[in-house]
Each structure stands twice: as structure tokens, then as C-alpha cells.
């Protein structure tokens with residue numbers, strides 16, 4: 053079946069550091085890939101998505117590129133802020149109304 | 002507008018109570034979802050409604066009863082819950098049968114505590 057593997061957290065960074073959160077997937081066919089962010093005490097917000105190989109999703113300074121050859125969708129940001137502290141979920145959709153989530157990676161950014 | 006709203010934000014109930022969670026969206030989406038999220042875990046799918054009909058029930062106990070009165074509203078009726086049902090309950094919606102049917106938009110959730 054489909055699965056998503058994310059790097060374990062927490063990831064702890066200082067403000068303005070470079071961020072990478074790794075995400076790899078296993079799926080049949082050609083899934084769409086997503087990053088969702090969950091701030092403390094809130095629901096999930098769609099951060100970015102990519103629907104086919106080599107697509108780059110971007111939003112609020114975050115980027116991720118759909119790499120079919122490495123089955124990866126790593127999240128990056130050039131300079132993190134304290135306000136980016138949250139849990140980040142990588143997810144895939146391969147049909148049947150079902151999103152498959154990774155376990156989530158907590159990001160903690162200190163001033 | 003990509004907003005999904007949920008009420009109440011917080012709910013405390015006893016094991017003999019009956020309560021309902023409500024979800025609303027005005028994006029014209031025809032698929033709506035209920036998820037359960039325990040602390041430090043990803044959301045787990047409970048139910049999917051497509052065109053106001055239940056299409057997926059992920060073997061959820063009958064003490065959870067979903068209802069979709071119209072294309073904008075989704076309810077989750079709760080009865081005789083157990084303490085282990087305490088969690089964040091998330092609603093989501095998406096298009097159906099179009100190029101963006103895979104993107105789900107989530108509400109802020111209802112944080113439920115069962116005593």
C-alpha cells in the first residue's frame with residue numbers, strides 16, 4: 053500500500069537558518085504530493101502541493117520539488133522564522149478520496 | 002475563500018452524554034471528511050461523504066454517527082463515548098471529479114475531552 057516516510061523530529065533551528073525536512077514516499081501510479089502545516093492548537097493548513105514529476109510547489113518561502121526518480125518531496129526554506137515553529141506533515145493522494153500522511157515533523161525555531 | 006469552519010472549538014462531555022460536532026464550508030465542495038487526530042500523530046480518516054452520501058466508513062465504532070444534511074454541512078453525532086475517544090476532530094472538504102479533487106482543505110478542529 054501507499055506510505056510516506058518523514059524524518060523524525062523535533063528539528064531545532066535558530067532563526068534565519070536553512071530548513072530541510074525530508075519526505076519520501078511509496079505509491080503505485082503517479083500520486084499528488086502535499087505539505088501541510090499544523091500550528092499549535094490549530095487544524096492543518098495546506099502549505100504547498102505538486103501534482104506531477106518535476107513540479108515545484110512553493111508558498112510563504114517554502115519550496116518542495118516532486119522527484120519521481122528518488123520518490124521524494126523534501127521541504128525547504130532558506131531562512132526560518134520563530135513563527136514557522138509547527139508540525140509539518142507530508143502527504144500523498146493516489147485516489148479513492150484518501151490522503152496518506154507521514155508521521156509529522158515538529159520544527160522548533162529559537163530567536 | 003478556502004475556509005472550513007468547525008464548532009465548537011472545545012467540548013467536554015461525559016460518557017453518557019450526547020453531543021454533536023458541526024462543520025461548514027462554502028467553497029462549493031461536494032466531498033467532506035471527518036478525521037480524528039491524537040496528540041503527536043497524523044490525522045486518521047473516519048468518514049467520507051461524496052455528494053451528501055456516505056462513501057467511506059473506516060470501520061468507525063457506531064458511537065460516532067456522521068450526517069451530511071446538505072452540500073455545505075457535515076455533522077458528527079457523539080453518544081456513549083469512551084475516554085480514549087478524546088482527540089482533535091478535524092473536518093475537511095474537497096472538490097469531486099475535477100482537476101483539484103485531491104486537495105483537501107481542513108478546518109481548525111474541535112478538541113474533545115471525554116470524562
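Residue numbers (the numbering used here), protein chains in the order written: chain A, 53 to 163; chain B, 2 to 116. Built from N, CA and C at the ideal position, the CB exists for glycine as well.
Requested in this report: Starting from residue 115 (chain B), follow its DSSP beta bridges and name the residues at the other end.
Outcome: Answer by DSSP bridge pairing, in chain order: B:14.
**Report entry** Identity of the residues DSSP links to residue 58 (chain A) by a beta bridge
**Finding:** Looking at the DSSP output, residue 58 (chain A) sits in a beta bridge with A:75.
Report task. Give the interface partners of residue 103 (chain B) over in chain A, defined as CB-CB distance under 7 angstroms, in chain order. Result -> Proximity of chain A to residue 103 (chain B) at the Cβ level (cut-off 7 angstroms) is accounted for by 84, 145, in chain order.
Query raised in the report: Are the Cβ atoms of residue 154 (chain A) and residue 90 (chain A) separated by less than 9 angstroms?
Result: No, they are not a contact pair.
**Report entry** CB contact below 9 angstroms: residue 31 (chain B) versus chain A
**Finding:** Interface residue (Cβ-Cβ distance to chain A less than 9 angstroms): residue 31 (chain B) is not classified as such.
Query raised in the report: Does the beta-carbon distance from residue 125 (chain A) to residue 85 (chain A) come in below 9 angstroms?
Result: The answer is yes: Cβ separation under 9 angstroms.
Report task. Assign residue 86 (chain B) to buried or exposed, taking buried as 16 or more other Cβ atoms, counted over all protein chains shown, within 10 Å of its Cβ. Result -> Around the beta carbon of residue 86 (chain B), 16 or more other beta carbons lie within 10 angstroms, which makes this residue buried.
**Report entry** Paired residues, beta bridge with residue 116 (chain A) - DSSP
**Finding:** Answer is A:109, A:127, bridged to residue 116 (chain A).
Query - 3 or more residues per run - each beta strand (DSSP E) lying fully within the segment 21 to 98 of chain B - result: If we require 3 residues or more, the beta strand (DSSP E) runs fully inside the segment 21 to 98 of chain B come out as 32 to 38, 45 to 51, 54 to 58, 65 to 71, 74 to 80, 88 to 95.
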